[in-house]
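So that you can map any letter, position 135 of the sequence shown is 140 in my numbering, and since no number is skipped, the others follow by simple counting.
Glycine included, C-beta positions come from ideal geometry on N, C-alpha and C.
Here the structure comes first, spelled out in structure tokens, and everything after it is commentary.
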Amino acid sequence: MKISVIIPVYNSELYLDDLFLSLANQKLQDFEIIAIDDVSKDHSLSILEKWQKQFLNKMKIVHNSINLGAGISRNIGLKMAQGEYVSFIDSDDFIHPNMFYDMYYGALKNNKPEVLSTGIILVNASQNYSPYFGSLRRDGILFSPQINPSKVLSLSPSCGNKLFKRDFIAQEFLPNVMWEDIPFSYSHLFLANQVLDFHNPDYYYRKHINSGISAQGLTVNLHLLDIFQVMDYFGTFLQEKGIYEKLQKDIITVQVIYSLYRIREVLDWNIPTFLKKQLVADLYHIIKLKYTDIKKIDQDSLNMKVDFYTIDQVLQAQNSTLSLDETQTRIKNTLQLLKNGH
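Written as structure tokens, this is what we have:
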């Protein structure tokens, strides 16, 4: 078995046919599908069962007894996987028909690197699967994260556009948090001896939709502080693997940049200006306490990933003398206040 495809599913009835049609049209067909129904309340399960009849023994459906979230659902699928490489696809996305073939046989030509990555195309909710998207194909570019760690930062933290060698996977997905892709992807990218990067238009990611496991649809996100949990998990894992000291600068850069994305999120909220400024200041205070000041981050890396407006607002933020616990408590209280409509 060349590839195991793990798909957590929650209320994705509008998009599942596109995903499974894209799998049925794969040029490489030596793969298994492990779909985990996370107690969907729509017709997702019946759609999964319809496609299981087409894929026959290639497809398994797991039924969670309670809603467990994407992270735990992926971990369940990972324990069942038999493929040489593992793919994690969100149930509301779809893939190019050549994706698996080009990535797998590209890996064979390059001594089977531990991680394979390709390009992501953003599509809106109304766009359907088309096998004709992105006809231009490129060979992968091989690099070593141990020699060129800054190259890792140019890659997306998404798991969907990657294949991970199954016997190389050393970490489970963090349960019950948002943004669980980030520590999983970057931990394995930094840990890998070789990564093969394709940059082909292969993974079609639906943006701004209101259903599916990856959707948020939140004006005020009560899970905002999850980002520090996943970033700490990422750093601790690489410390345990003994490569943190060697790659510390690049690891901290990842931690700071993806924490800054949550500040970008807050800046987009329709909330009172004084609360927005307070949240920005508090989040940046945590970033400095846990990781470092953005002035100490490589500016090219920062500017590549974070927009100027966010950086400008962060640099204008008021300094704080609160402790880490006090700052986190104030953020939680502010979020709850906003969620309650005050």
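The three-state reading of DSSP puts Ala40 in strand, counting E and B together. The C-beta of Arg79 has 16 or more other C-beta atoms within 10 Å across all chains shown, which makes the residue buried. Contiguous beta strand (DSSP E) elements confined to the region 40-128 occur at 64-68, 90-93, 120-128, taking only those with 3 or more residues. The beta carbons of Ser131 and Pro162 sit no closer together than 9 Å. For Val14, no alpha helix (DSSP H) segment is defined; the enclosing uninterrupted segment is the beta strand (DSSP E) at 8-14.
His68 counts as exposed, since fewer than 16 other beta carbons sit within 10 angstroms of its beta carbon.
By the CB criterion at 9 Å, Val319 and Tyr289 fall inside the cutoff. DSSP, read as helix, strand or coil, puts Pro277 in coil.
Distance from the CA atom of Ile232 to the CA atom of Lys7, rounded to whole angstroms, is 33 Å. Look at the beta carbons and you see the region 101-118 not touching the region 37-45: under three pairs across the two are nearer than 8 Å.
Taking a cut-off of 8 Å on C-beta distances, the region 102-114 does not touch the region 174-194, as fewer than three cross pairs fall below it. Assignment of beta-bridge partners to Ile146 by DSSP yields Asp202.
Between Leu340 and Leu227, the gap from beta carbon to beta carbon is short of 9 Å. Here Tyr90 really is in contact with Arg171; their C-beta atoms are around 6 Å apart, less than 8 Å. For Phe169, the enclosing beta strand (DSSP E) covers residues 167-170. Between the alpha carbons of Gly76 and Asn308 lies a distance of about 30 Å. Contact between Val10 and Ser49 does not hold, since their C-beta atoms are separated by about 16 Å, which reaches or exceeds 8 Å.
For the 9 Å CB-CB criterion, Leu294 and Glu177 do not form a contact. Apart from the 5 residues on each side of it in sequence, Thr224 sits with its Cβ closer than 7 Å to the Cβ of Trp274, Asn275 in its chain, given in chain order.
The closest CA to that of Gly88, considering only Ser27, Leu272, Ser70, Met64, is found on Met64. Nearest Cα to Val285 within the set Asn324, Leu26, Arg142: Asn324. Annotated three-state conformation of Asp298 is coil, per DSSP. If you compare the alpha carbons of Cys164, Phe169, Phe203 with that of Trp184, the shortest gap goes to Cys164.
Boundaries of the alpha helix (DSSP H) harbouring Glu270: 253-272, taken from the DSSP string.
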